[in-house]
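Trainee:
Numbering (full-length UniProt numbering), first residue to last: 1 to 150.
1) With burial defined as no fewer than 16 other Cβ atoms inside 10 Å of the residue's Cβ, what is the status of residue 24: buried or exposed?
2) Between the alpha carbons of residue 144 and residue 63, how many angstroms are there, rounded?
3) For residue 93, which three-state DSSP category applies?
4) Alpha carbon to alpha carbon, how far is residue 49 from residue 58? Give it in angstroms, no decimals.
5) Count the other C-beta atoms from every protein chain shown that fall within 10 angstroms of the C-beta of residue 1, then say buried if there are 16 or more, exposed otherwise.
6) May I ask you to report which of helix, strand or coil DSSP gives residue 49?
7) Given a threshold of 16 other Cβ atoms within 10 Å of its Cβ, counted over all protein chains shown, does residue 16 qualify as buried or as exposed?
8) Quick check on the burial criterion: 16 or more other C-beta atoms within 10 angstroms. Buried or exposed for residue 46?
9) Would the beta-carbon of residue 6 fall within 9 Å of that of residue 60?
10) If I measure Cβ to Cβ from residue 91 and keep anything under 7 Å in the same chain, skipping five residues before and after, which residues do I get?
11) For residue 1, which three-state DSSP category applies?
12) Give every residue of the same chain whose Cβ lies closer than 7 Å to the Cβ of residue 123, excluding the five residues on either side of it in the sequence, and list them in chain order.
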C-alpha cells in the first residue's frame, strides 16, 4: 500500500516549501546580512525535508501499514506536543518550552516523570547557553526575561 507514503510525501513537500519560504521572511540581522544568518538552519532543514519527501514519493515503502494502535496514539501525542512547543516558544521562552516538550516526550517514551523533566530542563539550559554564548544567536527568554544580562 504505497499510497500512504506518497500522500505523506506530498504533504511534507508542501510543509518544506512553506517552512523554507517562512525562513526567507526573517528580517535582516542588525549590522547587515551575514553568511550564516537566522535563516540558514531553517533553510537547511527545508531542503532536507524536501529531498526526503521526494524520496518517499518516488520510492515508497511497499509494506507501510500505519500504526493505529498505541504507537499511532503516541505519534499523535508527539505531534501535539511539538505544535504546542512552537506556539509557546515566544510567550514561555526557550528554556521553559524545551523543558516541557522534552520532558513530556521523554516521559511518553518511558522515562520516570522526574527524570524526564530534569532531562528537559538540562537540555533547555544547555542548548540556550550554547546558542546565546557560543553561537551568539539569541533565543527567547519569555517568562525568564528577568534573568537577561544587559
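Each residue gets a CB set at the ideal place from its N, CA and C atoms; glycine is no exception. On a predicted model such as this, the values are computed, not experimentally measured, just so you know.
Mentor: With the structure as the only source:
1) Counting from 1 along the chain shown, the entry for residue 24 is found at position 24. Exposed is the call here.
2) The count along the chain shown starts at 1 and reaches residue 144 at position 144. The count along the chain shown starts at 1 and reaches residue 63 at position 63. Cα-Cα distance, rounded: 48 Å.
3) Stepping through the chain shown from its first residue, residue 93 is reached at position 93. Residue 93 falls in the coil class under three-state DSSP.
4) Taking the chain shown and counting its residues from 1, one reaches residue 58 at position 58. Taking the chain shown and counting its residues from 1, one reaches residue 49 at position 49. Going from the Cα of residue 58 to the Cα of residue 49 covers about 14 Å.
5) Start at 1 with the first residue of the chain shown, and residue 1 comes out as number 1. Bear in mind that a pLDDT of 47 at residue 1, under 50, signals an unreliable position, so the number given afterwards is only what the model happens to contain. Burial call: exposed.
6) Taking the chain shown and counting its residues from 1, one reaches residue 49 at position 49. In this structure, residue 49 counts as helix in the three-state DSSP scheme.
7) Here residue 16 corresponds to residue number 16 of the chain shown, with the count starting at 1. Burial call: buried.
8) To locate residue 46, count along the chain shown from 1; it is residue 46. A residue is called buried once 16 or more other Cβ atoms fall within 10 Å of its Cβ, and residue 46 is buried on that count.
9) Here residue 6 corresponds to residue number 6 of the chain shown, with the count starting at 1. Here residue 60 corresponds to residue number 60 of the chain shown, with the count starting at 1. In this structure, residue 60 lies closer than 9 Å to residue 6 by Cβ.
10) The sequence position of residue 91 within the chain shown is 91, counting from 1. 142, listed in sequence order.
11) As a position in the chain shown, residue 1 is number 1, starting the count at 1. Any answer about residue 1 is weak, because its pLDDT of 47 lies below 50 and its placement is not dependable; what the coordinates show is given next. The answer is coil: DSSP assigns residue 1 none of H, G, I, E or B.
12) Along the chain shown, read from residue 1 onward, the residue named residue 123 stands at position 123. Cβ within range, chain order: 98 and 102.
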